[in-house]
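Written out below as structure tokens is the structure these notes cover.
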């Protein structure tokens, strides 16, 4: 007996159609029919009356329906529970990070470390919509590590001062836009010029905080036409010609190289950022502590 037979039975019982159930189960109708037959042979009773249209459950099938549903639920719950227990016993490295870093920095960086030491299972916790919520994952103990940008203009970063930190690198947020037919910026940054369509970050994002200081000190005729807290989404709108966005250089390096995007202004409009890794003061997972030591050694060697 196989659990998938029970799942097949429930699918047919819901739709009363072998054709629709086969589509739902992503198998051929003949394969589904064969598996239902195997279940019926194992039980020793017919479960469906195939002489009617649509097919109907036999009395035995009606009796089996509740048991099949409970069995599938119980087995699925048991599997998930055992899997969760296993993962909690084994090394789980819990990372929170800004979405952009999960795309640009983290994959290559963690793989380089993984080549030096098998890291084990990594769980990402980067679905938080705001920077303050990313910080909260460290405060609450939800994560072991927080990978983030840092800038003096972002006051929230000072909340992380009590946490151990390793600097990992630098990044630049630069204004970019689509080029015109001559390769020049479609929306050049000019403090005295015409209004500039601005693809802005949500108020609670890291980059919104970082940009606020610069734009407060050096106002620009920006006209917000679109808002999104995700750099990758702003990049897509920028590529579509929607306006100017301040994006991480690592995120748009390829597009700058192939000419799909150009810098919209000079270097005075760029923002220099630090990349930092913070950790819990006490790492209860030995694997997480080993990783921290490995990162410290790696960064020390790199600096030398």
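Numbering (my numbering), first residue to last: 4 to 307.
Cβ atoms here follow ideal geometry from the backbone N, Cα and C, with glycine treated the same way.
Boundaries (first-last residue) of the alpha helix (DSSP H) holding residue i
i, result
"residue 110", "109-119"
"residue 233", "Taken as a continuous stretch (DSSP letters only), residue 233 belongs to no alpha helix (DSSP H), as it is neither H nor E."
"residue 185", "Run containing residue 185: none; DSSP gives neither H nor E here."
"residue 34", "32-46"
"residue 7", "6-18"
"residue 140", "134-142"
"residue 2", "With the chain covering only 4 through 307, there is no way to say anything about residue 2."
"residue 259", "252-261"
"residue 146", "No alpha helix (DSSP H) holds residue 146; DSSP gives it neither H nor E."
"residue 53", "Run containing residue 53: none; DSSP gives neither H nor E here."
"residue 267", "From DSSP, residue 267 is part of no alpha helix (DSSP H); its letter is neither H nor E."
"residue 23", "21-28"
CA nearest to the CA of residue i, picked from the options
i, options, result
"residue 160", "146, 136, 183, 177", "136"
"residue 245", "176, 258, 228", "228"
"residue 209", "249, 133, 143", "133"
"residue 45", "81, 58, 5", "5"
"residue 204", "235, 186, 32, 53", "235"
"residue 301", "164, 113, 78", "113"
"residue 195", "257, 292, 173, 225", "225"
"residue 215", "273, 48, 260, 193", "273"
"residue 268", "125, 126, 190", "190"
"residue 184", "264, 36, 271", "264"
"residue 217", "249, 149, 281, 104", "249"
"residue 186", "104, 20, 165, 260", "260"
"residue 266", "65, 180, 207", "180"
"residue 64", "296, 19, 292, 84", "19"
"residue 47", "54, 28, 67, 294", "67"
"residue 297", "140, 28, 169, 27", "169"
"residue 233", "24, 220, 206", "206"
"residue 201", "220, 231, 84", "231"
"residue 54", "85, 21, 27, 271", "21"
"residue 308", "111, 124, 60", "The requested residue 308 does not occur in the structure, where the chain is confined to residues 4 to 307."
Neighbour-count burial assignment, residue i, 16 or more Cβ in a 10 Å radius
i, result
"residue 308", "Given that the chain is displayed from residue 4 to residue 307, the structure contains no residue 308 and the question cannot be resolved."
"residue 1", "What the structure shows of the chain is the stretch from 4 to 307, and residue 1 is not part of that stretch, so it cannot be assessed."
"residue 98", "buried"
"residue 147", "buried"
"residue 222", "exposed"
"residue 51", "buried"
"residue 56", "exposed"
"residue 176", "buried"
"residue 31", "exposed"
"residue 42", "buried"
"residue 212", "buried"
"residue 303", "exposed"
"residue 77", "exposed"
"residue 174", "buried"
"residue 103", "buried"
"residue 141", "buried"
"residue 81", "exposed"
"residue 34", "exposed"
"residue 188", "buried"
Rounded Cβ spacing between residue i and residue j (contact assumed at less than 8 Å)
i, j, result
"residue 171", "residue 278", "5 Å"
"residue 247", "residue 192", "7 Å"
"residue 178", "residue 262", "17 Å between Cβ atoms; not a contact."
"residue 258", "residue 237", "Contact flag wrong, Cβ pair sits at about 13 Å."
"residue 138", "residue 163", "7 Å"
"residue 107", "residue 251", "6 Å"
"residue 58", "residue 39", "In fact, because the Cβ distance is near 10 Å, the residues do not count as touching under 8 Å."
"residue 290", "residue 96", "6 Å"
"residue 158", "residue 127", "Going by Cβ atoms, the distance from residue 158 to residue 127 rounds to 26 Å, so no, they are not a contact pair."
"residue 101", "residue 281", "Contact flag wrong, Cβ pair sits at about 12 Å."
"residue 120", "residue 293", "7 Å"
Near the ligand FMN: residue i beta-carbon under 6 Å from a heavy atom
i, result
"residue 252", "Ligands displayed in this structure: none; no statement on the ligand FMN is therefore possible."
Residue range of the beta strand (DSSP E) that includes residue i
i, result
"residue 163", "Premise fails: residue 163 is in no beta strand (DSSP E) and is neither H nor E."
"residue 100", "95-100"
"residue 156", "Note, residue 156: premise wrong, no beta strand (DSSP E); not H, not E."
"residue 192", "Premise fails: residue 192 is in no beta strand (DSSP E) and is neither H nor E."
"residue 286", "Premise fails: residue 286 is in no beta strand (DSSP E) and is neither H nor E."
"residue 200", "199-203"
Sufficient close CB pairs (3 or more, under 8 Å) joining the segment 9-26 to the segment 67-84: yes
Contact between the segment 138-158 and the segment 257-277 (3+ Cβ pairs under 8 Å): The answer is yes - the segment 257-277 touches the segment 138-158, with three or more Cβ pairs under 8 Å.
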